[in-house]
Amino acid sequence: MSLTKYPLVAASLVLALSSGLGGVAGAGPAIANTVPVASAAVDEDAGPALVPVDFVDMPARALPAAGHSHTFVMAYRNDSSADQIVAPQILVESSDAGPFLAPTDVRAERWSADGSRVTVPVGSQTGTLFTDLVAAQRTLHPGESLTERYRVTVPSSGAVGTVQPHVALCG
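Below, the structure written as C-alpha cells:
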C-alpha cells in the first residue's frame, strides 16, 4: 500500500508513532477510527516522521501455556546501498473467539548485549498486544544485520492467542 495514496492512513501512522503508540501500526485498520487526527500538532522543523512502510514477518507461534515461554530470534540484513531504519516488534494477537488479551497476560523480554534480559513494555490496541516500534528503532548501514532475541512468557492461565514477531522497515 502506498501511503501517498492514503493520506488519512499516513497521518494516523505518523500520529501513532509520535504519540508513543508505535506498535499500533501493525494492529490493523482500527487505528484510523481511534486516533484523533485533527488534534495532532505538527512540528515543521522536526523533519519527516518515520513510519513503517513494510514488515518482514518471522514465523508465528501459538501463545505458550501458562508458566511457559517461547523464545524468538528476529534477524534482518540491510542488503540495500543506503541506511535503513528498522524496528523489531512482537505482536500478540488475541483469539478470534476472545476474550481480548491484556498487557498483564504476557511478559516480553529482550536479551541485551551483555546477555541479561530486559523487560519490554507491552501496549494494547483492539485485542492486539505489541511492543513499541519507536523505542526499538535502529539504523542499519548497508550490509549490517540486526539480530535480536526475545522471550514471551505467559504468567497465568487463561491467555490464548498467537505471537507474531516481525521487523518493521521504516521510511
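Be aware that the sequence shown starts at -9, since it is given in our numbering, and climbs by one per residue. Virtual Cβ for every residue (Gly too), placed ideally from N, Cα, C.
In this structure, the alpha-carbon of Cys160 lies about 35 Å from that of Gly57. Arg97 and Asp104 have their alpha carbons spaced roughly 20 Å apart. Judged by beta-carbon spacing, Asp95 lies within the 8 Å limit of Ala149, meaning their Cβ atoms are closer than that value.
The beta carbons of Ala50 and Leu136 sit no closer together than 8 Å. Here Pro145 is actually not in contact with Gly113; their C-beta atoms are around 17 Å apart, not less than 8 Å.
The C-alpha of Val63 is placed about 19 Å away from the C-alpha of Gly151. In the three-state DSSP reduction, Pro93 falls in the helix class (H, G or I).
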